[in-house]
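Visitor:
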Amino acid sequence: MTAVAVLAALAGSPGLAQAQQPPQAGPLSVTDDSGLPPGWRIDGKGGARELVWRAPKAVPMGDARVEFRTGDRLLGVPRPAKDGRTFRLALEEARPNGLKDLQVTAAGRRLDAADQTPKSGARGARVPAQAPANGVDPGRPGSYRTVSGEYDLDPIRLPGYAAPVEMRAQVVAPKGATGSRPLALFLHGRHATCYKPGSTSEDDVTGDWPCTAGYKPIPSDKGYLRDQQLLASQGYVTVSISANGINAQDANAEDAGAQARSSLVRQHLARWADWSAHRSSAPAVVREALKADLSRVLLVGHSRGGEGVNRAAMDSLYPPPAAEDGYRGPVRWKVRGTVLIGPTIFGQNPVADVPSVTLLPGCDGDVSDLQGEDFVDGTRGISRGGALHSAVYVVGANHNYFNSEWTPGEAEAPASDDFWTDPEQPDPVCSPGAPTRLTAAQQHQAGSTYIAAAARLFVAGDDRVRPLLDGSGKRAPSADPARVLTHAVGGRRGGGFLPDGGVKVTGARLCSAIDPDPAVACMNPESPGSSPHFAWWETEKETGRGAVDVKWSAPGTAARVAPAKPVSLRGAQKLALRVFVPPNTTGTRFDVSVTDSGNRRARLGSVRIDGLPGSASTASYWAQELRVPLTAATRAKLDLGHVKSLELTPRSRSGQAWLMDAWGWAPGTPAVKAAALPRVDVGRTTVKEGDSGTRTYRVPVRISGHGSGQVRVYVLDPDSGRAESRLVTVRPGSDAIDVPVEVKGDTAYGFDVRHDIAVKAVHHAVIGKHRGGVTAENDDPAPVVTLSPVADRVTEGGTLTWRLSLDAPTTVDIWQPVRVLAVTEGTELSTKDVDPQWLKDWSGDVPDPERPLSRANLWVWLNIPPGSTGVDFTVPTVQDQLAEPTESMRLALTDYDAEPLPDKPVLTGTVLDRP
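For the sequence shown, my numbering gives the first residue as 237, with consecutive numbering after it.
Dropping the structure here:
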């Protein structure tokens, strides 16, 4: 189960407050509209102050990255505590003066509030029509007998990970034949690591490593045994490796564990290379199996394991920085392709020259934004374009059920459905029992079939299975009743119409995938659901990533797309378009036409598209591949070597559609040879700010590899979080990415400050570690905080006043909570003895029923702004007509868990009855 699933089940918190403070000092409460929202606090000491969010209940480990955001801006990735409820983000990443509209998200979904998206747009969701069967079905078992077993080697040390990581794996392989066979390696995703045997409660799973007494490792590596069995019967040696040691420690890794997972994969591949050369040194199950052929390797990764095997494929072609790599040996294998199941891609850095198949679960409740689509979209224009990159959208599949050890009723440890749904408002697409939702067995069978399809195409070279993967609209009967749709880029596609900066669009809108301006963004932020093509990355605005938005209220007006230079469709049989329409819509139709440089125009034909089944909780704005023959252009004697524009003319009455791209398509799968490219890795330098002067540092960037390429560098402002971008040409060994950072010394207390950049490949380059920078550490002591009386003895109707003081001004906001405690003697002020508006403002409470003031949830956060040394906390009392004894209240400085500080006095305020 995931953070998204469990938090969606909780009642939403009150409306989020604004944390930016007014210029003047003033008291702030966790419930006040100008304070931190409920569940949030500032914690820590010195320069290690942290923004902390505490969930109402434990958040299980998942693959989606939990993120703190302020509106559309990413503040940073918090570290989870062992309790599973507390998440901490260093204030070097989240500056207090920018803490507006605080949100906790994972893969685009809110975790800190109930889903407020209207449950609309799902009416009419229907199961897509069944596609015709392909001539070859890779889901059928082969004829090889198999052997199964496991190995458990000595653990290894990985850079940045304190605890050793296990070298354990499950092997299923063919036996009883001669020769060597291809190797398929599986890597599971981020999941809980340990469980208490005999318990069925998810409260009895942990993220520890190694497991503590009374707990056992969760065998996530056993979750693909059925997939392994199918491949082994078809002649593949398979191994599924365990990565619990990484899962337990990757919360502190800036790349979320991608480099560590790559290192682990390559450590296993190196062992297999050794065993192929020296069979006698291999574990028993390996010796019993057929010999593995390391020149034919398929890597299969689930969730963060998908990003991990992508990085392993990259590192096998373009070596990473040695200091950050956990494998230093030679590359004695060749990765022929990858299969990525509901993957993360936090770096948005796919390997363009290694073929891939990405499975996108339509009911993914963990990586719910389906960001893995970037393993397809992000390869366009990067390299030669010969590698096929396929996206396989599985209607009704969730995230977890591709792994049997994450599936209830099959797993050894407690497990659950990651797609959470409200029983009172079941999701029409993804709730269990919905016509579009798959059972666990159906989903796993579909997954096995398409993994086998990728193996057969990329490793065995059987082009007959390509129509199952490349948008040709064929199905594998073994995957029935699953409805599976595909599209692709690469392969034998060419002459792309791409929505990049050089294209001109008329009759439609060239839109941006990520932009805070709704007039520029491709999708209205109020639209129910989301698009995998527009998943968030590191910045609130991106350059060069978009689509063509076509909207019409009557048929007949053409949308024209004209690239900067004419494209060549010579040698293509058809024009393949990737288009999506709103979910659950039907009957959208277009005429498709092209015009050459001589202004000869040909109508190629018509296409029809129906929206995918979708709801407000799904990422169903996903492009389907539509093809029209180029025969009409040939008959009209168009110069297909110089096509200057593409036209889409709506024929349905009204509607909206988004064009992702269009390509000349021809059948076949070309041989792929990886290009020699430069690789960029961004490092991090940490420096002390000093007491005076200004020092200039530079963001450490390593450019290795061969040749030259272009990348886009985003420089993130540490105060606003906004990014300035520039296009940079990179060459190995150069300092082309030169980002100076000025650090000013002072003697005033402040927070650590991170000056970060993020890098993305544009053309002829690969990106390893995509984000880094210079961290300027505060080296000044935190101020001493005191609370003292100003007016602590007043007559009713007067105002009790205390002053919160610092011994020195600071450069940052200082937050300090105070709490009203029960009196130890005498009569306590009641909720009717203070101003009712004051009580409502600071506690959210009302006077009735009358009760002691300490029972009114008065835990108040006081803020001292930068440059100031104090702020007053006031309690206005009210005058009444009753004769009362002297009343009092007690006030204490507290820690961030509302416990009074033991080394600070508790102060008393006294209210006298008016004579």
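Beta carbons: idealized from backbone N, C-alpha and C, even for Gly.
With distances taken between CB atoms, is the gap from Thr1047 to Ala984 smaller than 8 angstroms?
Guide: As a first step, residue 1047 must be located in the sequence shown, where it is residue number 811. As a first step, residue 984 must be located in the sequence shown, where it is residue number 748. Closer than 8 angstroms, so yes.
Visitor: Entirely within the segment 1041–1076 and at least 3 residues each: give me those beta strand (DSSP E) ranges in chain order.
Guide: 1050–1057
Visitor: For Tyr950, does the three-state DSSP call read helix, strand or coil?
Guide: Mapped onto the sequence shown, residue 950 falls at position 714. DSSP places Tyr950 in strand when its eight states are reduced to three.
Visitor: Tell me whether the segment 681–688 and the segment 625–643 touch, counting them as touching only if at least three CB pairs, one residue from each stretch, are closer than 8 angstroms.
Guide: Contact between the segment 681–688 and the segment 625–643 is present, because at least three Cβ pairs lie under 8 angstroms.
Visitor: Under 8 angstroms, do Trp1074 and Ala1134 count as touching if we go by C-beta distance?
Guide: Taking the first residue of the sequence shown as 1, we reach residue 1074 at position 838. Taking the first residue of the sequence shown as 1, we reach residue 1134 at position 898. The answer is no: Cβ separation not under 8 angstroms.
Visitor: For Leu1143, list the residues DSSP reports as bridge partners.
Guide: For the purposes of this step, residue 1143 is taken as the residue at position 907 of the sequence shown. Partner(s): Leu1127.
Visitor: With H, G and I counted as helix, E and B as strand and the rest as coil, what does DSSP make of Gly891?
Guide: Working through the sequence shown from its first residue, we reach residue 891 at position 655. The answer is strand: DSSP assigns Gly891 an E or B state.
Visitor: Give the straight-line distance between the Cα atoms of Gly923 and Asp897, rounded to the nearest whole angstrom.
Guide: To locate residue 923, count along the sequence shown from 1; it is residue 687. To locate residue 897, count along the sequence shown from 1; it is residue 661. Reading the sequence as shown, one finds Val at residue 923 and not Gly. Roughly 45 angstroms separates the two Cα atoms.
Visitor: Smallest Cα separation from Gly957: which of Arg837, Pro296, Lys777 and Val288?
Guide: Residue mapping note: residue 957 aligns to position 721 of the sequence shown, counting from 1. The option with the nearest alpha carbon to Gly957 is Lys777.
Visitor: For the alpha helix (DSSP H) containing Ala689, name the first residue and the last one.
Guide: As a first step, residue 689 must be located in the sequence shown, where it is residue number 453. Ala676 to Ala690 is the span of the alpha helix (DSSP H), which, as asked, contains Ala689.
Visitor: How should His514 be labelled, buried or exposed, when 16 other C-beta atoms within 10 angstroms of its C-beta is the threshold for buried?
Guide: To locate residue 514, count along the sequence shown from 1; it is residue 278. Flag for His514 reads exposed.
Visitor: Which of helix, strand or coil does DSSP assign to Gln406?
Guide: Position 170 of the sequence shown, counted from the first residue, corresponds to residue 406. Note: Gln406 maps to strand in three-state DSSP.
Visitor: Does the structure place the segment 744–755 close enough to the segment 774–788 that three or more beta carbon pairs sit under 8 angstroms?
Guide: yes
Visitor: List the whole-angstrom C-beta distance separating Leu606 from Pro764, where the pair is believed to meet the contact cut-off of C-beta under 8 angstroms.
Guide: On the sequence shown, position 370 is the one that residue 606 refers to. On the sequence shown, position 528 is the one that residue 764 refers to. In fact, because the Cβ distance is near 16 angstroms, the residues do not count as touching under 8 angstroms.
Visitor: Going by CA-CA distance only, name the one from Trp899, Arg362 and Val937 that's closest to Cys666.
Guide: For the purposes of this step, residue 666 is identified with residue 430 of the sequence shown, where counting begins at 1. The option with the nearest alpha carbon to Cys666 is Arg362.
Visitor: Residues in the same chain with beta-carbon distance under 6 angstroms from Gly583, minus the five sequence neighbours each way, listed in chain order, please.
Guide: Your numbering for residue 583 matches position 347 in the sequence shown. Excluding positions up to five away in sequence, the list reads His1006.
Visitor: Please go through the same chain and pick out, in chain order, the residues whose beta-carbon is closer than 6 angstroms to the beta-carbon of Pro258, but skip the five residues on each side of it.
Guide: For this step, residue 258 is matched to residue 22 along the sequence shown. Low confidence applies to Pro258: its pLDDT is 24, below 50, so where it sits in the model is not reliable enough to give any reading.
Visitor: Here's the rule I'm using: 16 or more other beta-carbon atoms within 10 Å means buried, otherwise exposed. How should Pro354 be labelled?
Guide: What you label residue 354 is simply residue 118 of the sequence shown in a count that begins at 1. Because Pro354 sits at a pLDDT of 41, beneath the cut-off of 50, its placement in the model cannot be relied upon, and the following sentence gives the value as read from the coordinates. Flag for Pro354 reads exposed.
Visitor: Can you name the residues that DSSP bridges to Arg920?
Guide: The sequence position of residue 920 within the sequence shown is 684, counting from 1. In DSSP, Arg920 forms a bridge with Gly1009.
Visitor: Quick check on Ser842: buried or exposed, where buried means 16 or more other Cβ atoms within 10 Å of its Cβ?
Guide: Residue numbering aside, residue 842 sits at position 606 when the sequence shown is read from its first letter. With fewer than 16 other Cβ atoms from the protein chains shown falling within 10 Å of its own Cβ, Ser842 counts as exposed.
Visitor: Should Ala496 and Tyr563 be called a contact, given that it needs their Cβ atoms to be closer than 8 angstroms?
Guide: Taking the sequence shown and counting its residues from 1, one reaches residue 496 at position 260. Taking the sequence shown and counting its residues from 1, one reaches residue 563 at position 327. No, they are not a contact pair.
Visitor: Between the segment 364–380 and the segment 705–721, are three or more C-beta pairs nearer than 8 angstroms?
Guide: The segment 364–380 makes contact with the segment 705–721; the number of CB pairs closer than 8 angstroms reaches 3 or more.
Visitor: Between which two residues does the beta strand (DSSP E) harbouring His999 extend?
Guide: Stepping through the sequence shown from its first residue, residue 999 is reached at position 763. Counting along the chain, the beta strand (DSSP E) containing His999 begins and ends at Val989 to His999.
Visitor: Here's a check: name, in chain order, each residue in its chain whose Cβ is nearer than 7 angstroms to the Cβ of Ala489, leaving out the five neighbours to either side.
Guide: Taking the first residue of the sequence shown as 1, we reach residue 489 at position 253. So the list reads Gly396 and Ala496, once near-sequence residues are dropped.
Visitor: When DSSP builds the beta bridges, which residues end up paired with Cys430?
Guide: In the sequence shown, residue 430 corresponds to position 194, counting from 1. Paired residues: Thr442 and Pro453.
Visitor: In angstroms with no decimal places, state the Cα-to-Cα distance between Val937 and Val1010.
Guide: Here the question's residue 937 lines up with position 701 in the sequence shown. Here the question's residue 1010 lines up with position 774 in the sequence shown. Taking the straight line joining both Cα atoms gives about 11 angstroms.
Visitor: Label Pro671 either buried or exposed according to how many other C-beta atoms from any shown protein chain fall within 10 Å of its C-beta, with 16 as the threshold for buried.
Guide: Taking the sequence shown and counting its residues from 1, one reaches residue 671 at position 435. Answer is exposed; the Cβ neighbour count stays below 16.
Visitor: Beta-carbon within less than 7 angstroms of Pro968's beta-carbon, same chain only, minus the 5 sequence neighbours each way: which residues are those?
Guide: On the sequence shown, position 732 is the one that residue 968 refers to. If we look at Pro968 and ignore the five residues flanking it on each side, its Cβ neighbours are Pro914, Ile939, Ser940, Gly941 and His942.
Visitor: Is DSSP giving Phe582 helix, strand or coil here?
Guide: Working through the sequence shown from its first residue, we reach residue 582 at position 346. Coil at Phe582, not helix or strand.
Visitor: Since Val205 and Leu963 are thought to touch, with beta carbons under 8 angstroms apart, how far apart are those beta carbons, to the nearest angstrom?
Guide: With the chain covering only 237 through 1151, there is no way to say anything about residue 205.
Visitor: In or out: Pro713 buried (at least 16 other Cβ within 10 Å) or exposed?
Guide: The count along the sequence shown starts at 1 and reaches residue 713 at position 477. So Pro713 ends up on the exposed side.
Visitor: Hey, out of Asp658, Glu1064, Ala902 and Leu1098, whose CA is closest to Glu1120's CA?
Guide: Taking the sequence shown and counting its residues from 1, one reaches residue 1120 at position 884. For the residues Asp658, Glu1064, Ala902 and Leu1098, the minimum Cα distance to Glu1120 belongs to Glu1064.
Visitor: Where does Val363 fall in DSSP's three states?
Guide: Along the sequence shown, one-based indexing puts residue 363 at 127. In this structure, Val363 counts as coil in the three-state DSSP scheme.
Visitor: Tell me which residues share the same chain as Ala330 and place their Cβ nearer than 7 angstroms to its Cβ, disregarding the 5 neighbours each side in the sequence.
Guide: On the sequence shown, position 94 is the one that residue 330 refers to. Model confidence at Ala330 stands at a pLDDT of 48, short of 50, so the residue's coordinates are unreliable and nothing is read from them.
Visitor: Excluding five sequence neighbours on each side, which residues of the same chain lie with their C-beta closer than 6 angstroms to the C-beta of Ala812?
Guide: Reading the sequence shown from its first residue, position 576 is the one you call residue 812. Taken in chain order, the residues that qualify are Glu861, Arg863, Trp899 and Trp901.
Visitor: Apart from the five residues on each side of it in sequence, which residues of its chain come closer than 8 angstroms, Cβ to Cβ, to Arg839?
Guide: In the sequence shown, the residue the question calls residue 839 occupies position 603. Excluding sequence neighbours, Arg839 sits near Asp827, Val828, Ser829 and Ala868.
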